[in-house]
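K.L.:
Protein chains: 2
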Amino acid sequence: MNVASRKPASVKNTVERVSAPYEPGVNMTIKNAFYAQSGGVTAVINASACGVIETARKHADKIGTVYAGRNGIIGALTEDLIDTSKESDADIAALRYTPSGAFGSCRFKMKSLEANKREYERLIDIFKAHNIGYFFYNGGGDSADTCFKVSQLSEAMGYPIQAIHVPKTVDNDLPITDCCPGFGSVAKYIAVSTLEASFDVKSMCKTSTKIFVVEVMGRHAGWIAAAGGLVADQGIPVVILFPEIEFDQAKFLASVDAKVKEHGFCTIVVSEGCHYPDGKFLAEQGTRDAFGHAQLGGAAPVVANMIKEALGYKFHWAVADYLQRAARHIASKTDVEQAYALGEAAVMLALDGKNSVMPTVVRLSDIPYKWEIGAAELKDVANVEKFMPRDFISEDGYGITDKCRNYLTGLIQGEDYPAYENGLPKFVTMKNVAVEKKLPEFKL
Amino acid sequence: MNVASRKPASVKNTVERVSAPYEPGVNMTIKNAFYAQSGGVTAVINASACGVIETARKHADKIGTVYAGRNGIIGALTEDLIDTSKESDADIAALRYTPSGAFGSCRFKMKSLEANKREYERLIDIFKAHNIGYFFYNGGGDSADTCFKVSQLSEAMGYPIQAIHVPKTVDNDLPITDCCPGFGSVAKYIAVSTLEASFDVKSMCKTSTKIFVVEVMGRHAGWIAAAGGLVADQGIPVVILFPEIEFDQAKFLASVDAKVKEHGFCTIVVSEGCHYPDGKFLAEQGTRDAFGHAQLGGAAPVVANMIKEALGYKFHWAVADYLQRAARHIASKTDVEQAYALGEAAVMLALDGKNSVMPTVVRLSDIPYKWEIGAAELKDVANVEKFMPRDFISEDGYGITDKCRNYLTGLIQGEDYPAYENGLPKFVTMKNVAVEKKLPEFKL
């Protein structure tokens with residue numbers, strides 16, 4: 440089937456095959472649901488899981504058990520399913536405050552139906568064996584593509600399945616939705632941490648550190664780096680190195696030097712994806728250790744050493760890496776609420792008979808930030824990457840514009856602290872009880 | 440004067456010279472106070488400043504204006520004083536929630552009285568010119584030494600000054616006091632962040648990252664690294680690389696490999712001070728870039744690459760650097776309370792006529808953690824470094840013992856969140872109004 444030509448009518452057809460439960464007076468066929476987490480995890484992907492499972496539990500007349508894939512789609516393919524009904528309501532509620540992927544995630548991209556029919560047939564076998572009629576896939580761009588392919592199974596392989604994608608990615612690069620759950624919390628973490636560290640450097644700059652470089656995630660898009668730009672409102676001199684802007688060493692050094700001369704210090708937020716005009720990442724310096732082995736370093740030490748060599752300023756640098764995307768302790772309340780709402784909406788869309796869709800965040804206003812839940816067709820989501828608009832980046836390429844500031848500010852609103860016990864956050868670990876296998880083994 | 444032989448009598452003599460204000464019926468001589476921040480700043484050094492200034496304001500009958508040194512002791516030497524009376528009560532109260540050094544800090548160690556009499560004479564000139572009778576110095580080991588030298592001025596140079604040291608250092612290496620303000624908050628940040636990132640890796644390890652390395656501060660002592668060990672209680676496989684334990688590559692790799700084989704992943708907390716038996720830091724790998732320039736990297740990428748090369752595991756690494764010591768957003772409530780209490784106690788010690796002392800934290804019990812304020816003679820503090828006891832480190836050198844866990848747990852108790860505005864913490868920036876200069880310029 441050519442998905443681009445999919446008409447509402449065909450969606451309706453798909454739905455009708457699983458719509459028996461909705462017909463009053465007809466013996467209800469309760470279907471189970473499959474839920475899986477995919478790709479890099481975030482501080483709030485479990486909040487989406489919480490939204491999916493709590494909402495499904497409220498509709499036990501239509502949805503039976505929610506089976507989670509252990510380690511994402513791999514759990515489906517290998518029939519390694521987790522019975523979430525074995526988890527208490529309290530533990531499921533605690534997912535809202537627990538970072539990471541509670542059921543395990545994976546980096547595994549399914550090929551097209553044509554290229555690997557065997558895997559899709561296996562999925563159908565699993566769905567049939569466990570009476571699964573709902574497929575909720577929680578991930579980013581690659582996962583949206585997988586989910587879209589699964590949504591085609593209904594027609595292509597004659598098995599009734601409603602596939603709903605639940606958006607998630609700190610990279611914030613999914614189209615249509617105003618933002619992606621996970622991003623708002625990373626943005627908040629980076630803005631808060633950059634502000635704190637900048638205050639620190641400001642205190643030290645008279646006789647010591649004048650340069651602070653923090654490296655943030657974002658290989659293709661500078662959304663996360665942009666969040667560091669929010670500290671400029673508080674008088675912090677900050678230079679941002681976006682992946683969208685080709686690195687120009689002389690211009691960059693001049694910008695940093697001017698800021699140090701004016702303010703006594705300068706903060707630099709460098710995206711891991713920052714690169715030279717020839718595409719080479721800043722982090723790829725051809726660096727070798729004493730034995731001649733290639734060393735993988737970060738962009739931050741490269742930038743810091745570059746400044747030291749050219750301008751002589753004492754520096755400190757940090758690489759936030761997983762600390763940023765796992766930082767549930769300073770998650771954005773808005774982000775948590777959206778993550779939950781999207782999980783909830785995915786189930787409601789399923790109950791509404793939808794297939795091949797993704798619930799989205801629709802922005803209603805910037806200040807105050809108001810949003811509601813919408814929905815997008817997966818055919819419009821899969822394999823489309825959303826980059827930062829050029830007018831979100833200041834003309835010199837090193838800062839953010841008001842437009843960007845207005846966009847970001849809404850996403851970092853509010854705090855949503857986890858409970859603490861003995862000084863540490865009280866995160867939940869699922870029991871993750873395995874469902875009995877019914878099928879022969881399957882080699883990945 | 441031989442400080443080691445100082446007797447209570449001589450302390451008393453010192454006090455009597457400035458004790459006029461305490462004699463009832465005698466015309467009160469109100470003295471001003473000098474307060475300065477020194478060395479690396481922390482998330483809570485401003486809470487100590489808050490304690491000093493608020494307490495001084497409550498005793499306006501004895502203490503006049505609190506002058507802060509702009510950029511630490513340099514502000515005193517160059518007569519660059521800040522009039523804190525120009526700051527509102529609300530702004531001074533907000534210091535409690537603001538990381539960094541609000542008046543600027545410095546890295547500047549005064550030489551001995553014999554080696555640099557000129558600087559001490561200058562200090563006395565400044566004290567005289569601004570009627571300063573109280574000297575509060577907020578810092579670590581070097582600052583305690585400076586404060587001790589200033590405390591000797593009274594006798595050695597015939598100027599009445601009461602010098603009180605307010606402890607501060609994330610390194611936690613001051614003697615006598617149970618802990619140093621700043622450390623508890625870094626410990627909490629590292630424990631929380633390590634826990635969050637470990638949950639993340641645990642989700643990813645099936646098909647992706649199996650190793651997470653986080654580098655923490657602590658060149659000489661492993662107090663901060665030890666805090667990462669607290670996550671072991673939550674089932675996280677963690678290997679800690681302390682500066683106290685000479686690095687043994689083969690043994691380390693075997694320990695990591697065993698943990699990955701058992702748990703599927705492993706978290707490594709490496710102290711920046713971790714070194715080989717010959718004293719060479721892990722971070723000093725003789726690394727050179729493509730042009731042959733020496734590159735300063737961190738210990739984390741070295742450890743991560745080492746594991747990748749030997750064991751083949753996919754890794755991620757982070758370097759927390761200033762993010763850890765500036766992280767007011769997740770400060771330990773206990774730490775904030777101690778920082779404030781020590782600032783307050785410093786003023787009360789001064790009002791009690793004390794000189795050459797440092798208020799301390801005295802531990803009364805581990806669980807629940809109970810503490811009170813005590814005091815130590817500066818002669819017993821200056822130039823004494825407190826290391827981690829060997830029995831705080833597990834026998835294999837890669838973990839912490841129950842003794843260490845009991846020690847650390849008290850220090851990270853409680854959260855003390857700053858207020859937020861528009862998604863970001865509401866930190867205060869002082870007006871920092873300069874006091875009119877009365878003396879000729881002084882070249883440092």
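Just so you know, the protein sequences line up as chains A and B, in that order. Counting the first sequence from 1 gives a position; our numbering is that position plus 439. Counting the second sequence from 1 gives a position; our numbering is that position plus 439. Glycine is no exception: its CB is placed at the ideal position from the N, C-alpha and C atoms. None of the values given here were measured: they were computed from a predicted structure.
Can a CB atom of chain B be found closer than 8 Å to the CB of residue 688 (chain A)?
P.N.:
Answer no: the Cβ-Cβ gap between residue 688 (chain A) and chain B never drops below 8 Å.
K.L.:
State the Cα-Cα distance for the pair residue 600 (chain A) and residue 777 (chain B), rounded to the nearest angstrom.
P.N.:
Those two C-alpha atoms are separated by around 59 Å.
K.L.:
Within the same chain, show all residues whose beta-carbon is closer than 7 Å to that of residue 758 (chain A), passing over the 5 residues directly before and after it, in chain order.
P.N.:
Contacts found: 654, 737 and 739.
K.L.:
Look up residue 555 (chain A) in the DSSP assignment and give the residues it is bridged to.
P.N.:
In the DSSP output, where bridge partners are listed per residue, residue 555 (chain A) has none listed.
K.L.:
Does DSSP put residue 585 (chain B) in a helix, a strand or coil?
P.N.:
Residue state, collapsed to three classes: helix.
K.L.:
Please confirm if residue 851 (chain B) has its CB atom under 8 Å from at least one CB of chain A.
P.N.:
True, the Cβ-Cβ gap to chain A drops below 8 Å.
K.L.:
What did DSSP end up calling residue 441 (chain A) once you bin it into helix, strand or coil?
P.N.:
Any answer about residue 441 (chain A) is weak, because its pLDDT of 32 lies below 50 and its placement is not dependable; what the coordinates show is given next. Coil at residue 441 (chain A), not helix or strand.
K.L.:
Ignoring anything shorter than 4 residues, give me the alpha helix (DSSP H) runs that lie fully in the segment 517-547 of chain B, in order along the chain.
P.N.:
Entirely contained in the segment 517-547 of chain B, the alpha helix (DSSP H) runs reaching 4 residues are, in chain order, 528-533.
K.L.:
Just to confirm my understanding: we take residue 747 (chain A), look at its own chain, exclude 5 residues before and 5 after, and list those with CB closer than 7 Å. What are they?
P.N.:
The answer, listed in chain order, is 754.
K.L.:
Between the segment 820-827 of chain A and the segment 627-636 of chain A, do at least 3 Cβ pairs fall closer than 8 Å?
P.N.:
The segment 820-827 of chain A is not in contact with the segment 627-636 of chain A.
K.L.:
Run through chain A and tell me which residues come within less than 7 Å of residue 424 (chain B), C-beta to C-beta.
P.N.:
Absent from the structure is residue 424 (chain B), since the part of chain B shown begins at 440 and ends at 883.
K.L.:
Would you mind reading off the limits of the beta strand (DSSP E) that contains residue 843 (chain B)?
P.N.:
Unbroken run through residue 843 (chain B) is the alpha helix (DSSP H), 841-850; no beta strand (DSSP E).
K.L.:
Can you find a C-beta in chain B that's less than 8 Å from the C-beta of residue 756 (chain A)?
P.N.:
By this cut-off, residue 756 (chain A) is an interface position.
K.L.:
For chain B, check one thing: does any of its Cβ atoms lie closer than 8 Å to the Cβ of residue 769 (chain A)?
P.N.:
Yes - at least one Cβ of chain B is within 8 Å of the one on residue 769 (chain A).
K.L.:
For the alpha helix (DSSP H) that residue 702 (chain A) lies in, which residues bound it at each end?
P.N.:
Run containing residue 702 (chain A): 688-702, per the alpha helix (DSSP H) assignment.
K.L.:
Checking the sheet assignment: what are the DSSP bridge partners for residue 797 (chain A)?
P.N.:
Looking at the DSSP assignment, residue 797 (chain A) forms a beta bridge with A:815.
K.L.:
Output, in chain order, the set of chain B residues within a Cβ distance shorter than 9 Å of residue 880 (chain A).
P.N.:
The contacting residues do not exist; residue 880 (chain A) stays about 17 Å from chain B at best.
K.L.:
Which first and last residues belong to the alpha helix (DSSP H) in which residue 572 (chain B) is found?
P.N.:
Per DSSP, residue 572 (chain B) belongs to no alpha helix (DSSP H); it is in the beta strand (DSSP E), 571-578.
K.L.:
List, in chain order, every chain B residue whose beta-carbon is nearer than 9 Å to that of residue 474 (chain A).
P.N.:
Those do not exist, as residue 474 (chain A) stays about 14 Å from chain B at its closest Cβ, beyond 9 Å.
K.L.:
How far does the alpha helix (DSSP H) with residue 752 (chain A) in it reach, from first residue to last?
P.N.:
Unbroken run through residue 752 (chain A): none, as it is neither H nor E.
K.L.:
Using alpha carbons as the reference points, say which of B:578, B:575, B:509 and B:472 lies closest to residue 569 (chain B).
P.N.:
The shortest C-alpha separation from residue 569 (chain B) is found at B:472.
K.L.:
Quick one: which chain B residues come within Cβ less than 7 Å of residue 641 (chain A)?
P.N.:
Neighbours of residue 641 (chain A) on chain B, chain order: 539.
K.L.:
Assign residue 518 (chain B) to buried or exposed, taking buried as 16 or more other Cβ atoms, counted over all protein chains shown, within 10 Å of its Cβ.
P.N.:
When all chains shown are included, residue 518 (chain B) counts as buried.
K.L.:
Name the one or two DSSP bridge partners that residue 705 (chain A) has.
P.N.:
For residue 705 (chain A), which the question treats as bridged, DSSP gives the partners A:650.
K.L.:
Of all the residues that make up the segment 838-864 of chain B, which are near chain A by a beta-carbon distance shorter than 9 Å?
P.N.:
Residues 847, 848, 849, 850, 851, 852, 853, 854, 856, 859, 861, 862, 863 and 864.
K.L.:
Near residue 715 (chain A), what residues of its chain come up, given a Cβ to Cβ distance below 8 Å and the 5 sequence neighbours on each side ignored?
P.N.:
Taken in chain order, the residues that qualify are 685, 686 and 721.
K.L.:
Just grab the DSSP bridge partners of residue 864 (chain B) for me.
P.N.:
According to DSSP, which records beta bridges pairwise, residue 864 (chain B) is partnered with B:859.
K.L.:
The alpha helix (DSSP H) that contains residue 666 (chain B), what's its start and end?
P.N.:
662-667 is the extent of the alpha helix (DSSP H) around residue 666 (chain B).
K.L.:
My understanding is that residue 775 (chain A) touches residue 855 (chain A), with C-beta atoms under 8 Å, so please give their C-beta distance in whole angstroms.
P.N.:
Sure, about 5 Å apart at Cβ, within 8 Å.
K.L.:
Residues in the same chain with beta-carbon distance under 7 Å from residue 696 (chain B), minus the five sequence neighbours each way, listed in chain order, please.
P.N.:
Result list for residue 696 (chain B): 750, in chain order.
K.L.:
With a cut-off of 8 Å, does the C-beta of residue 606 (chain A) fall near any C-beta of chain B?
P.N.:
Not an interface residue.
K.L.:
Can you tell me which of B:665, B:787, B:863 and B:859 puts its alpha carbon nearest to the alpha carbon of residue 838 (chain B)?
P.N.:
Ranking B:665, B:787, B:863 and B:859 by Cα distance to residue 838 (chain B) puts B:665 first.
K.L.:
For a test of the three-state rule: what should DSSP assign to residue 465 (chain A), helix, strand or coil?
P.N.:
Here residue 465 (chain A) scores only 37 on pLDDT, less than 50, and its place in the model is too uncertain to base an answer on.
K.L.:
Apart from the five residues on each side of it in sequence, which residues of its chain come closer than 7 Å, Cβ to Cβ, to residue 817 (chain A)?
P.N.:
Around residue 817 (chain A): 583, 586, 587, 590, 604, 795, 796 and 797.
K.L.:
Evaluate residue 763 (chain A) with the Cβ neighbour count: other Cβ atoms within 10 Å of its Cβ, from every protein chain shown; 16 or more gives buried, anything less gives exposed.
P.N.:
Buried, by the Cβ-count rule.
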